[in-house]
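What the sequence shown shows, in this note's numbering, is residues 69 to 580, in sequence order. Working notes, beginning with the structure itself.
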Amino acid sequence: MNDRITESIDRLLIYAVKSRLIEREDISYYRNILLDLMQLDAPSRDEITCSEVADETATRILREMCDLAVEKGLIEDLGYARDLFATRLIGSLTPSPKNVREAFWKDYAVSPRQATDAFYRMCQKCDYVKVDAIAQNIRYFEKTPVGELEITINLSKPEKDPREIAKLKNAKSVGYPLCMLCKENPGYAGRSNFPARQNHRMIPIKLGGQDWYLQYSPYAYYSEHCIVLNHQHIPMRIERGSFERLFAFVEQFPHYFIGSNADLPIVGGSILNHDHFQGGQYTFPMDQAKTRVRLSDPVPGVSAEILDWPMSTLCLRGKDKDALIDLADRVLQAWRGWTDDACGILAYEEDGTPHNTITPILRRENDAWKLCLVLRNNRTSEEWPLGIFHPHTPLHHIKRENIGLIEVMGLFILPGRLKTELHLLEDYLTGEKPLTVPSEEDPSYKHFAWVKEIVEKQGLCRDHAEAERVLRRETAMVCAQVLRDCGVYPDTEEGTAGFLRFVRSLGMEKTE
Numbered sequence: 069m070n071d072r073i074t075e076s077i078d079r080l081l082i083y084a085v086k087s088r089l090i091e092r093e094d095i096s097y098y099r100n101i102l103l104d105l106m107q108l109d110a111p112s113r114d115e116i117t118c119s120e121v122a123d124e125t126a127t128r129i130l131r132e133m134c135d136l137a138v139e140k141g142l143i144e145d146l147g148y149a150r151d152l153f154a155t156r157l158i159g160s161l162t163p164s165p166k167n168v169r170e171a172f173w174k175d176y177a178v179s180p181r182q183a184t185d186a187f188y189r190m191c192q193k194c195d196y197v198k199v200d201a202i203a204q205n206i207r208y209f210e211k212t213p214v215g216e217l218e219i220t221i222n223l224s225k226p227e228k229d230p231r232e233i234a235k236l237k238n239a240k241s242v243g244y245p246l247c248m249l250c251k252e253n254p255g256y257a258g259r260s261n262f263p264a265r266q267n268h269r270m271i272p273i274k275l276g277g278q279d280w281y282l283q284y285s286p287y288a289y290y291s292e293h294c295i296v297l298n299h300q301h302i303p304m305r306i307e308r309g310s311f312e313r314l315f316a317f318v319e320q321f322p323h324y325f326i327g328s329n330a331d332l333p334i335v336g337g338s339i340l341n342h343d344h345f346q347g348g349q350y351t352f353p354m355d356q357a358k359t360r361v362r363l364s365d366p367v368p369g370v371s372a373e374i375l376d377w378p379m380s381t382l383c384l385r386g387k388d389k390d391a392l393i394d395l396a397d398r399v400l401q402a403w404r405g406w407t408d409d410a411c412g413i414l415a416y417e418e419d420g421t422p423h424n425t426i427t428p429i430l431r432r433e434n435d436a437w438k439l440c441l442v443l444r445n446n447r448t449s450e451e452w453p454l455g456i457f458h459p460h461t462p463l464h465h466i467k468r469e470n471i472g473l474i475e476v477m478g479l480f481i482l483p484g485r486l487k488t489e490l491h492l493l494e495d496y497l498t499g500e501k502p503l504t505v506p507s508e509e510d511p512s513y514k515h516f517a518w519v520k521e522i523v524e525k526q527g528l529c530r531d532h533a534e535a536e537r538v539l540r541r542e543t544a545m546v547c548a549q550v551l552r553d554c555g556v557y558p559d560t561e562e563g564t565a566g567f568l569r570f571v572r573s574l575g576m577e578k579t580e
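And the structure:
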């Protein structure tokens, strides 16, 4: 076994040199660290004989080292134990926070893009950004009545096995770090119910005079999916300062867009307890949307339009940052207090509970700013207890979760269960399985009404390849309807009239 451990250590070291995580001169030092982690007193040979490693990521080497650690009894053969140990191994080869910061700002002096490119590449090479896991996701584009949408079936996070679930039930609550976005995460060893973060690095930045951090998402949903987080663990809050910080970020990183989830339950995405933004270098389906209604200029030098997009979006463009921030704050304050009974919009409950908020998205467009303000409302009703402007019940077999920033822009992150479930539905579309209602325990049960409707609408498919194409298309159609459900002003005569009532309160009129 010692030969196999030595071989795996040597391969990881050569990979780290090739990936510029460590320098060749320091191989002996890092070899000793890995020997200690694998509880080996000495390597089985003095010299490293392998000079080249073909691996583009560390994943396969780390998996093999975890296999050896299980065989040697160093760790349990459980997913979380393997993840903790693999991160500990590669974390020992990840450049220190100090070195990462120094390299980042040295690159930044050349260009912001060079800095983020190098930092992102390092996060991939040290296995913080899970390149191989992300590659397993099913991803495709599909044209729909609301425009071309991007669909991802998320397979990057493996399911836990029953033994692991049993252990998690008994895992104690530590309360440190307070959440996965806190600045205390880098270097943390992790535990059964919290991921290891020895290979995690952040870049401290200033936004509006405040301390924030730039990091990347481990399970990136798009290119260079970054997270910009407050150094304090404080709740999300959309306010004037939010707009100021968005502009401050894009001023520093003009090749990145940045946006924020809304700050209310139901419409606010998944993490509301830690103030943060999301950004990156990516073009979303929403960015291709045309103009639905052109509006009069709200202030000199700023143009405004209602986007032809199912999520009710006011788009502002201009070169004057301060004018855009002032206007965005005015829109926010007006929307916070806006009630329109004809459109089912209520600003507050009788007890003062707020319902209206905004999802803001900012990017540079040539030499001007483009600021999209997506109007959100989180009311519930007896008919729609999970949210009036939320995916409605008939769509829950595909999408039940909140619609956050990424999906607002037309990139859908669907649950991994759909890979298996949609494959099972192909038999209905080919006629291999009769259209009779399955048992409630059958994974197809929740989809049966939908798949029956598809067959009745278009007939049977020739083969499984056609059935797969049809199901992908129809899944995208469901996602399009999700966006329609979540838009506070539908693309109807009544909806457009309601949107115009709101913008008129801000001094904007429809122009021909």
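The beta-carbon is built from N, C-alpha and C at its ideal position, and this holds for glycine as well.
Best match in the options for proximity to residue i [C-alpha to C-alpha]
i: Leu-332; options: Met-304, Pro-322, Glu-417, Lys-520; result: Met-304
i: Glu-489; options: Asp-185, Pro-511, Asp-397; result: Pro-511
i: Pro-428; options: Val-442, Asn-253, Leu-249, Gly-412; result: Val-442
i: Ala-126; options: Asn-267, Leu-392, Glu-91, Pro-254; result: Asn-267
i: Asn-253; options: His-301, Arg-404, Leu-81, Lys-501; result: His-301
i: Asp-365; options: Met-354, Gln-182, Asp-355, Cys-383; result: Cys-383
i: Leu-102; options: Ser-87, Glu-75, Trp-452, Arg-88; result: Glu-75
i: Arg-72; options: Glu-132, Ile-522, Asp-394; result: Glu-132
i: Phe-516; options: Pro-163, Tyr-256, Asn-70, Pro-462; result: Pro-462
i: Met-270; options: Val-296, Tyr-290, Tyr-289, Cys-247; result: Val-296
i: Asp-195; options: Tyr-83, Asp-394, Leu-439; result: Tyr-83
i: Ile-273; options: Ala-183, Thr-560, Asn-470, Asn-424; result: Ala-183
i: Arg-541; options: Val-556, Lys-578, Glu-494; result: Glu-494
i: Val-168; options: Gly-369, Val-361, Leu-89; result: Leu-89
First and last residue of the uninterrupted beta strand (DSSP E) at residue i
i: Thr-359; result: 359 to 367
i: His-344; result: 344 to 348
i: Leu-332; result: Counting along the chain, Leu-332 falls outside any beta strand (DSSP E), and DSSP gives it neither H nor E.
i: Leu-482; result: 479 to 482
i: Phe-325; result: 325 to 327
Heavy atom of the ligand SAH within 8 Å of residue i beta-carbon
i: Tyr-188; result: Summarising the ligand content, the structure contains no ligands, and the ligand SAH is consequently not present.
CB contact below 9 Å: residue i versus chain D
i: Gly-255; result: Annotation note: the requested chain D is absent from the structure, which comprises a single protein chain.
Identity of the residues DSSP links to residue i by a beta bridge
i: Pro-254; result: According to DSSP, Pro-254 bridges with nothing at all.
i: Thr-425; result: Arg-444
i: Asn-298; result: Trp-280
i: Tyr-416; result: Pro-422
i: Trp-406; result: Answer is none; Trp-406 lacks a bridge partner.
i: Ser-633; result: One cannot answer for residue 633 here, as it falls past the ends of the chain, which runs 69 to 580.
i: Gly-309; result: None, per the DSSP bridge assignment.
i: Ile-206; result: Ile-221
i: Arg-432; result: Trp-437
i: Lys-274; result: Asp-279
i: Lys-211; result: Glu-216
i: Gly-575; result: None, per the DSSP bridge assignment.
First and last residue of the uninterrupted alpha helix (DSSP H) at residue i
i: Asn-167; result: 165 to 178
i: Ala-154; result: 147 to 159
i: Phe-567; result: 561 to 572
i: Ile-129; result: 127 to 140
i: Phe-516; result: 516 to 526
i: Leu-80; result: 70 to 86
i: Ile-474; result: 473 to 476
i: Leu-103; result: 95 to 105
i: Val-538; result: 532 to 554
i: Arg-485; result: 485 to 498
Residues near residue i by beta carbon distance below 8 Å, same chain, minus five either side
i: Leu-142; result: Met-106, Gln-107, Phe-153
i: Cys-247; result: His-301, Ile-339, Asn-341, His-342
6 Å Cβ shell around residue i - same chain, five flanking residues per side excluded
i: Val-335; result: Arg-444, Asn-446
i: Cys-250; result: His-301
i: Lys-387; result: Ala-436
i: Val-476; result: Met-379, Thr-427, Val-442
i: Pro-180; result: Phe-321
i: Lys-514; result: His-465
Own chain partners of residue i with C-beta closer than 7 Å, once the 5 adjacent residues on each side are dropped
i: Thr-498; result: Leu-528, Cys-529, Asp-531, His-532, Ala-535
i: His-299; result: Lys-251, Asp-279, Trp-280, Tyr-281
i: Glu-307; result: none
i: Arg-313; result: Leu-275, Gly-276
i: Ser-112; result: Asn-70, Asp-71, Thr-74
i: Tyr-289; result: Thr-220, Ile-474, Leu-479, Ile-481
i: Met-576; result: Leu-363, Ser-364, Pro-366, Ala-372
i: Gly-566; result: Asp-408, Ala-410, Cys-411, Tyr-557
Validate contact between the stretch 401 to 416 and the stretch 312 to 323 using beta carbons, cut 8 Å, 3 pairs: no
The stretch 188 to 200 / the stretch 280 to 289 touching (three or more Cβ pairs under 8 Å): yes
Three or more C-beta pairs below 8 Å linking the stretch 455 to 473 and the stretch 560 to 575: no
Cβ contact check for the stretch 172 to 180 and the stretch 503 to 510: 3 or more pairs under 8 Å: no
Stretch pair the stretch 548 to 558 + the stretch 337 to 347: three plus CB contacts closer than 8 Å: no
Stretch-stretch touch, CB-based, cutoff 8 Å, three pairs: the stretch 473 to 483 with the stretch 211 to 219: yes
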